[in-house]
Structures are given as structure tokens and as C-alpha cells.
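Novice: Numbering follows the working numbering, with no gaps: position 11 of the sequence shown is 13. Glycine included, every Cβ here is placed at the ideal spot set by N, Cα and C.
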Amino acid sequence: MPVISAMIFAGLLSVSLMQFFIVRKNMRIQTEGQIYARMIEARLKLENSDSFTIMARESHQFLERFSLVDKPEEYYTIIAFLDLFEFLFRLQRGKLIESDLWRRWREHIKLLMTIPKFKKIWDKTKQVHTKEFVQFIDSFSK
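1) Cα separation between M57 and K73?
2) For the alpha helix (DSSP H) containing V136, name the first residue and the last one.
3) Roughly how many angstroms separate the alpha carbons of P118 and W107, rounded to a whole number?
4) Taking just the CA atoms, how far does S101 sit from A44?
5) With I123 and Y77 assumed to form a contact (beta carbons below 8 Å), what rounded beta-carbon distance in angstroms separates them?
6) Counting pairs of beta carbons, one from the segment 87 to 105 and one from the segment 131 to 139, are three or more of them closer than 8 Å?
7) If I follow the unbroken alpha helix (DSSP H) through R59, where does it start and stop?
8) For L84, count the other beta carbons within 10 Å of its own beta carbon; 16 or more makes it buried, fewer makes it exposed. Which is it?
9) Go ahead and label I37 buried or exposed: buried means 16 or more other beta carbons lie within 10 angstroms of its beta carbon, across all protein chains shown.
10) Take I111 and list the residues in its own chain whose beta-carbon comes closer than 6 Å to its own, dropping the five residues that flank it on each side.
11) Rounded to whole angstroms, what's the CA-CA distance from L48 to F54? Just pull it up for me.
12) Give me, in chain order, the residues of the same chain whose beta-carbon lies closer than 7 Å to that of E75; leave out the 5 immediate sequence neighbours on both sides.
13) Throw me the rounded Cβ distance for the E67 and K126 pair, which I believe falls under 8 Å.
Here's what the structure looks like:
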């Protein structure tokens, strides 16, 4: 009887530990997502400021990118979308987003990449993204 009790206790402890690690992992992922969303929001707000745009116009690279759109705000918006898309792609690769939801996002990404300005900015900036994400986005053009 004591052996059986010890085995039951060990089993319950194992299950509890597994649940703890799953909850901990999910909390970490949720926290990471919230932090990432705040970072994107802060970046877009800062970059969309007149002060930043004035400074950015002193950069040859920014001037080149701004020339692909009608106004700097369009560039900043497209970059924010691309960052969001890559984050969603990462969630999908980690199986952290439901497949039905991912299919909807995938179609939305595919649609937005038909916008010529998105494509131009993508072609100019894709080297800063992960190889897998570049392959994913580029697969829409084939």
C-alpha cells in the first residue's frame, strides 16, 4: 500500500509539474507578445514624428526608401505591417496560433503584398528579416 501511495503521489507531482511548465511557457509567450506589440506601437509612434522624419531625411538610405512611397508615414506603416507579419509567422511556426486563424492572416498578408508600395518596400528591406520569413513572403510572387 505505501508503494502504491508513493507512486500515485509521484504521478500527481509529475502531472502538476508538467502543468506548471506549460502555464509558465504560455505566460512567457503571452508576455513576449504584449511586449512586442508595445514595441511596434512605440516604434511607429516615434518614427511617425516630424522630428524623426527630419533626422531620417539626412540619411541616404531613408531618402531612398521614402522615394518609394508618397510620404514617410506610408513607409513607417508598411514597416510596422511587415514586422507584425513576421511576428505572426513566428507564432505560426511555433504552433502558437490556431491554423484557421493563421490561414486568415496568411491570406491577408498575401493580399497586402499585392499593393505595389508594400512590394517595393519589401524588396528594399527584406534582407533584415529571417531567411524563412523572406522565403514565405517571396513565395507569393511566384
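Specialist: With the given structure in hand:
1) Translated into the one-based positions of the sequence shown, residue 57 becomes position 55. Translated into the one-based positions of the sequence shown, residue 73 becomes position 71. Taking the straight line from one Cα to the other gives about 15 Å.
2) As a working note, residue 136 is residue 134 in the sequence shown. Per DSSP, V136 is one residue of the alpha helix (DSSP H) stretching across K133 to D140.
3) To locate residue 118, count along the sequence shown from 1; it is residue 116. To locate residue 107, count along the sequence shown from 1; it is residue 105. One C-alpha to the other measures close to 19 Å.
4) The residue you call residue 44 lines up with position 42 of the sequence shown. The residue you call residue 101 lines up with position 99 of the sequence shown. Spanning the two alpha carbons is a distance of roughly 29 Å.
5) Mapped onto the sequence shown, residue 123 falls at position 121. Mapped onto the sequence shown, residue 77 falls at position 75. Contact flag correct, Cβ pair sits at about 6 Å.
6) Between the segment 87 to 105 and the segment 131 to 139, the count of C-beta pairs closer than 8 Å reaches three or more; the two stretches touch.
7) Within the sequence shown, the letter at position 57 stands for residue 59. Premise fails: R59 is in no alpha helix (DSSP H) and is neither H nor E.
8) Position 82 of the sequence shown, counted from the first residue, corresponds to residue 84. In this structure L84 is buried. Its beta-carbon is surrounded by 16 or more other beta-carbon atoms within 10 angstroms.
9) By 1-based counting over the sequence shown, the position of residue 37 is 35. It is exposed - the Cβ of I37 has fewer than 16 other Cβ atoms within 10 Å.
10) Walking along the sequence shown from the start, residue 111 turns up at place 109. So the qualifying residues of the chain are F87.
11) Residue 48 sits at position 46 when you count from the first residue of the sequence shown. Residue 54 sits at position 52 when you count from the first residue of the sequence shown. Taking the CA atoms as reference points, L48 sits about 7 Å from F54.
12) In the sequence shown, counting from the first residue as 1, residue 75 sits at position 73. In its chain, beyond the 5 residues on either side, N50 have a beta carbon closer than 7 Å to the beta carbon of E75.
13) Position 65 of the sequence shown holds residue 67. Position 124 of the sequence shown holds residue 126. Just to set this straight, residue 67 is Arg in the shown sequence, not Glu. That belief holds up - the Cβ atoms of R67 and K126 are roughly 6 Å apart, short of 8 Å.
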